[in-house]
Amino acid sequence: MKFLNQMIITWILTKIAVRDWREQKILNQDVTILFCFCLIQLLFCTGQIKVSTVLFHMLSGACSASGLLLLITILIPGAFGGGDIKLMAAAGSMLGPVESLHSLAAAIFLCGIYILAGMVSGKIKRNSVVAFGPFLCAGILYHLWCTTI
Numbered sequence: 094m095k096f097l098n099q100m101i102i103t104w105i106l107t108k109i110a111v112r113d114w115r116e117q118k119i120l121n122q123d124v125t126i127l128f129c130f131c132l133i134q135l136l137f138c139t140g141q142i143k144v145s146t147v148l149f150h151m152l153s154g155a156c157s158a159s160g161l162l163l164l165i166t167i168l169i170p171g172a173f174g175g176g177d178i179k180l181m182a183a184a185g186s187m188l189g190p191v192e193s194l195h196s197l198a199a200a201i202f203l204c205g206i207y208i209l210a211g212m213v214s215g216k217i218k219r220n221s222v223v224a225f226g227p228f229l230c231a232g233i234l235y236h237l238w239c240t241t242i
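The opening residue of the sequence shown carries number 94 in the working numbering; numbering runs sequentially from there.
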């Protein structure tokens, strides 16, 4: 069952990453589907855990990384898009607060490598806009497949 859940989440995140890479747009419906699937997975696949514990895990996870992205966007307008913030809120509800922050850190690291390589090769200029969603999806997928949630 866990493998099937991971495959479905991987499919959803891949769809989000490809669209964001091509169009720099993360659709609300895709984020809603991800959130609903994560909600169903947590509520029905967690065993004997109390509902209050699951809700605390979801809310703290949804607010941790997405709250940080929102704060950065408020301080530096245009730093991140609304889709990136909503994506991290949806994924954070499944991952929890610590793993969602780890996913965000992995995404920032991967994006930094991409931008550095692009600037060295001359394909990316200093003020270029880069889609961050695919890197968020990569960080989320890393924690989905390589750690226990």
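Where a beta carbon is used, it is the ideal one built from N, C-alpha and C, also for glycine.
Treat the numbers as computed from the prediction; the structure is a model and nothing was measured.
Beta-carbon gap between residue i and residue j smaller than 8 Å
i    : j    : result
S196 : A184 : yes
G176 : G154 : no
W104 : P227 : no
L161 : I119 : no
C230 : L106 : yes
L237 : Q99  : yes
Minimum C-alpha distance to residue i - residue among the options
i    : options                : result
V222 : H236, A172, L234, L209 : A172
A158 : Y207, E192, I126       : E192
L136 : L161, A200, S186, F228 : S186
T125 : V111, S145, L164, I102 : I102
G232 : Q99, A198, C131        : A198
Run of the alpha helix (DSSP H) containing residue i, from where it starts to where it stops
i    : result
G211 : 190-214
G160 : 144-168
V111 : 95-116
G171 : That residue, G171, is in no alpha helix (DSSP H); it is neither H nor E in DSSP.
F128 : 121-137
I217 : Unbroken run through I217: none, as it is neither H nor E.
F228 : 226-239
Cutoff 8 Å: residue i Cβ touching any chain B Cβ
i    : result
A231 : Among the chains of the structure shown, chain B does not appear; only one protein chain is present.
Touching by the beta-carbon criterion (3+ pairs, under 8 Å), the segment 94-112 and the segment 203-210:
no
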